[in-house]
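Everything on this sheet refers to the single structure shown next.
Number of protein chains: 2
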Amino acid sequence: MTAQFNAEAVLAALRSVLPSQNQLIPLHEPLFNGNEWAYVKECLDTGWVSSVGKFVDKFEEELAVYTGVKRAVAVVNGTAALHVCLLLAGVKPGDEVLIPALTFVATANAVTYCGAIPHFVDSEETTLGVAPCKLADYLNEIGEQRSDGCYNRNTGRRIRAIVPMHTFGHPVDLDPLVEVCGKFNLKLVEDAAESLGSFYKGKHTGNWGCVSALSFNGNKTITTGGGGAILTNDEELGCIAKHITTTAKRPHRWEFNHDMIGYNYRMPNINAALGCAQLEQLPLFLSAKRELADAYRQAFAGIVGVNYFSEPANSQSNYWLNALILDEPFAGQRDDLLKWTNDVGIMTRPVWTVMHKLPMFACCPRMPSILNPV
Amino acid sequence: MTAQFNAEAVLAALRSVLPSQNQLIPLHEPLFNGNEWAYVKECLDTGWVSSVGKFVDKFEEELAVYTGVKRAVAVVNGTAALHVCLLLAGVKPGDEVLIPALTFVATANAVTYCGAIPHFVDSEETTLGVAPCKLADYLNEIGEQRSDGCYNRNTGRRIRAIVPMHTFGHPVDLDPLVEVCGKFNLKLVEDAAESLGSFYKGKHTGNWGCVSALSFNGNKTITTGGGGAILTNDEELGCIAKHITTTAKRPHRWEFNHDMIGYNYRMPNINAALGCAQLEQLPLFLSAKRELADAYRQAFAGIVGVNYFSEPANSQSNYWLNALILDEPFAGQRDDLLKWTNDVGIMTRPVWTVMHKLPMFACCPRMPSILNPV
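Structure follows, in structure tokens:
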């Protein structure tokens, strides 16, 4: 027999932290208490709502300052950011790209947009992200070093890059991962979609990859309605990122000349206006999230079977979403917990279905240590 | 010696129509005189700015009613709409897709996003769009009918679809084009990015293709900041369009299951709010554009060498942008005309650089009647 939760204790813990029992509690709710109205209204009053406008430039500059990168390029969403990051990392059709099996589907989709094949790797319990040591062992086994890079011995395909994703805002252990990338000649692209406001060893996430992707979807720490950004410390890559996301049009007073296959991925000015106002409030949001995390940690401290997930060592997490990890004997009751909480109006969700269990990715290569699809 | 324009006469004609001589005249300027602020403010006040919200549904319903299609799906921009239209039309990697050489680069880019090859065809002077008779002759010559469709005799590749684009809002001659598609077993996808408010034989453009794409970029007849829509009269394709543009997630209270490679192409609610307000004013915008077109037509009537382009027979154009066609002997002076007008603050632009003159498309197949790249 599997162990049983004390359902009442779990609900009581949640209720001790949450504002009211009679109100529907969403997973995340954006707050617009700053200059959102003023900036958005300025767009409407001046007519600058679309592809050009001062808020796009302002948002990009302020994002770069906040995250500490040389260049930020605002785009239409996090998936578009990831797609372009992979292109800038040199991912080519037929390449393999290592990504965690435990991620949102956008990471895997973006790989396929490049004509490349996702190759799923395991995550570790301490970070919920890619496990560098395990990865190194795996690459020692299946990787073949050739003069131009790392190849998968089993498939013959080049393994071009790895995309760690900072799950729920908790940073992956980046230093050893950078080492693995150096050793195996892999490009590092950070999927920082969830980790705006998260730091690893004092530096903002997104500074380790050659390029990194942020998301500002409505459920994220700050939102632009829909939006994302490409971060890089390589100024040349930053220029290409801007060019390729704005249809690769060469500047001219009137001519329409484009010099490469480009994308219409630019963030509209009205969405960037929202972003500027939200970014001003980010420190407030982060401290509120940290307080909430502390309250959850205390509330769940005494309950058997559930463990509140805290930021990994060396990291300061944005605590974007708060997570409980169930002890193994209680794992079978995960869906009961989801049902109890959602039934009483406290929205909860499980972690994503792991990528290799989705039908379109079932045949992609993966580390053997990842559980088989059921 | 080539003929010379009367530059003063051209400028005087423009000035007789335009509001003021001391003001910079943009090519197009959006107007927000309706419910834009009320609807956008409602998004901010309720917190519904992102991927879900009532304005997305409302905008889609009202677009479908206005254009007379069964289903409209709002997306992030016109390029995304085109990309998904091509996927829904069954375009596969290695296929060829016929598109006009005379189009905005997005039409050709969208074809490449599917792994397909653009194949450029000629446009006709009466519509500025694809010439159906010329196309039929061409397909008789290079097309090989096999049991599963039309193949290019020269390349061996399947020709899957044709994408007419309604240049500057003027409808292509659709009836004979539909016939050509039937005869040669080609899917018809309308690039109606520029033609919201344009009708062919009394029916809105976008009703002839199996799927069609609209754009609401800031320079379009109505704008959502950035945005587009997929139109279709096939309800099943409409459902797939919605599914594939929203990460192909299957509805569930909490599970994250996706059943195919999807895209994050949904239009954010805050942009749809703008769209709802703009759509209410579309009849006003269209009658103002028609008045402006009449004024230009009269102003340019007597000037040697320039011809104001009027809507084709059987069509009611939205007159999105007003175009002058130069008589052949004056063609060499096009750039002078662009310089004179832009120098005095009246923004003008040439038609796009034809696709086969762009470096990334120079090697794509094309009708031999299209001029060689210079």
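Chains as they are written, first to last, in this note's numbering: chain A, 1077 to 1450; chain B, 1077 to 1450. Every residue gets a Cβ at the ideal spot worked out from N, C-alpha and C, and that includes glycine.
Check whether chain B comes within 8 Å of residue i, counting only Cβ atoms and requiring the distance to be less than that.
i: TRP1330/A; result: yes
i: HIS1280/A; result: no
i: PHE1108/A; result: yes
i: ASP1171/A; result: no
i: GLU1387/A; result: no
i: ASP1335/A; result: yes
i: PRO1344/A; result: yes
i: PRO1176/A; result: no
i: ALA1182/A; result: yes
i: THR1188/A; result: yes
i: GLY1421/A; result: no
i: ASN1261/A; result: no
i: ARG1425/A; result: yes
i: ASN1228/A; result: no
i: ASN1185/A; result: yes
i: GLY1123/A; result: yes
i: TRP1113/A; result: yes
i: GLU1266/A; result: no
i: PRO1435/A; result: yes
i: THR1155/A; result: yes
With 16 as the cutoff for other CB atoms within 10 Å, does residue i come out buried or exposed?
i: PRO1449/A; result: In this predicted model, PRO1449/A has a pLDDT of only 44, less than 50, meaning its place in the structure is not dependable enough to derive any value.
i: GLU1520/A; result: Coverage of chain A is limited to positions 1077 through 1450, which leaves residue 1520/A absent and any answer about it impossible.
i: ASP1171/A; result: buried
i: GLU1112/A; result: buried
i: CYS1440/B; result: buried
i: LYS1296/A; result: buried
i: LEU1413/B; result: buried
i: ARG1229/A; result: exposed
i: SER1445/B; result: exposed
i: ASP1411/B; result: exposed
i: GLN1099/B; result: exposed
i: LEU1162/A; result: buried
i: ALA1114/A; result: exposed
i: ARG1122/B; result: Before going on, a small fix: residue 1122/B reads as Thr here, not Arg. It is exposed - the Cβ of THR1122/B has fewer than 16 other Cβ atoms within 10 Å.
i: GLY1232/A; result: exposed
Does residue i have its Cβ less than 8 Å from a Cβ in chain A?
i: MET1241/B; result: no
i: PHE1131/B; result: no
i: VAL1152/B; result: yes
i: PRO1444/B; result: no
i: LYS1117/B; result: yes
i: PRO1449/B; result: Residue placement at PRO1449/B is poorly supported in this model, since its pLDDT is 44, which falls under 50; the coordinates are not used for a value here.
i: SER1271/B; result: no
i: GLU1136/B; result: no
i: SER1126/B; result: yes
i: GLY1408/B; result: no
i: THR1455/B; result: Because chain B in this structure spans residues 1077 to 1450, residue 1455/B falls outside the shown range and cannot be described.
i: LEU1350/B; result: yes
i: GLY1338/B; result: yes
Could you check where the beta strand (DSSP E) with residue i kicks off and where it finishes?
i: ARG1147/B; result: 1147 to 1151
i: CYS1226/B; result: 1225 to 1228
i: ALA1305/A; result: 1304 to 1308
i: ALA1031/B; result: Examination of residue 1031/B is not possible in this model, given that chain B is present from 1077 through 1450 alone.
i: ALA1237/A; result: 1234 to 1238
i: LYS1064/A; result: This structure does not reach residue 1064/A, given that chain A is present from 1077 up to 1450, and the question cannot be answered.
I'd like the span of the alpha helix (DSSP H) that includes residue i, first residue to last.
i: VAL1093/B; result: 1083 to 1093
i: ARG1222/B; result: Careful: ARG1222/B lies outside any alpha helix (DSSP H), inside the beta strand (DSSP E) at 1219 to 1222.
i: PHE1260/B; result: 1250 to 1260
i: LYS1134/A; result: 1130 to 1143
i: VAL1116/B; result: 1112 to 1122
Assess, as a yes-or-no matter, whether the stretch 1123 to 1139 of chain B is touched by the stretch 1343 to 1356 of chain B under the definition of 3 or more beta carbon pairs within less than 8 Å. Proximity of the stretch 1343 to 1356 of chain B to the stretch 1123 to 1139 of chain B meets the contact definition, three or more beta-carbon pairs being nearer than 8 Å.
Whether or not the stretch 1261 to 1275 of chain A and the stretch 1389 to 1396 of chain A are in contact is what I'm after, with contact meaning three or more pairs of Cβ atoms, one per stretch, closer than 8 Å; do they touch? Here the stretch 1389 to 1396 of chain A makes contact with the stretch 1261 to 1275 of chain A; the two share three or more CB pairs at distances below 8 Å.
Can we say the stretch 1380 to 1387 of chain B touches the stretch 1319 to 1332 of chain B, given the rule of at least three CB pairs closer than 8 Å? Contact fails: fewer than three Cβ-Cβ distances are below 8 Å.
Decide yes or no for the touch test of the stretch 1257 to 1265 of chain A against the stretch 1205 to 1222 of chain A: beta carbon pairs closer than 8 Å, at least 3 of them. Touching, yes, given that three or more Cβ pairs across the two stretches are closer than 8 Å.
Do three or more CB pairs link the stretch 1187 to 1202 of chain B to the stretch 1233 to 1243 of chain B at distances below 8 Å? At 8 Å Cβ cutoff, the stretches touch.
With a floor of 3 residues, list each beta strand (DSSP E) that falls wholly inside the stretch 1377 to 1431 of chain A, ordered by position along the chain. For the stretch 1377 to 1431 of chain A, whole beta strand (DSSP E) runs of length 3 or above, ordered along the chain, are 1382 to 1384, 1400 to 1402.
At which residue ranges does the stretch 1153 to 1212 of chain A contain complete beta strand (DSSP E) runs of 3 or more residues, listed in the order of the chain? Fully enclosed beta strand (DSSP E) runs of 3 or longer: 1172 to 1176, 1193 to 1197.
With a floor of 3 residues, list each beta strand (DSSP E) that falls wholly inside the stretch 1273 to 1335 of chain A, ordered by position along the chain. DSSP runs (the beta strand (DSSP E)) wholly in the stretch 1273 to 1335 of chain A: 1287 to 1291, 1304 to 1308.
Is there contact here, the stretch 1131 to 1149 of chain B with the stretch 1241 to 1248 of chain B, by at least three beta-carbon pairs under 8 Å? The answer is no - the stretch 1241 to 1248 of chain B does not touch the stretch 1131 to 1149 of chain B, with fewer than three Cβ pairs under 8 Å.
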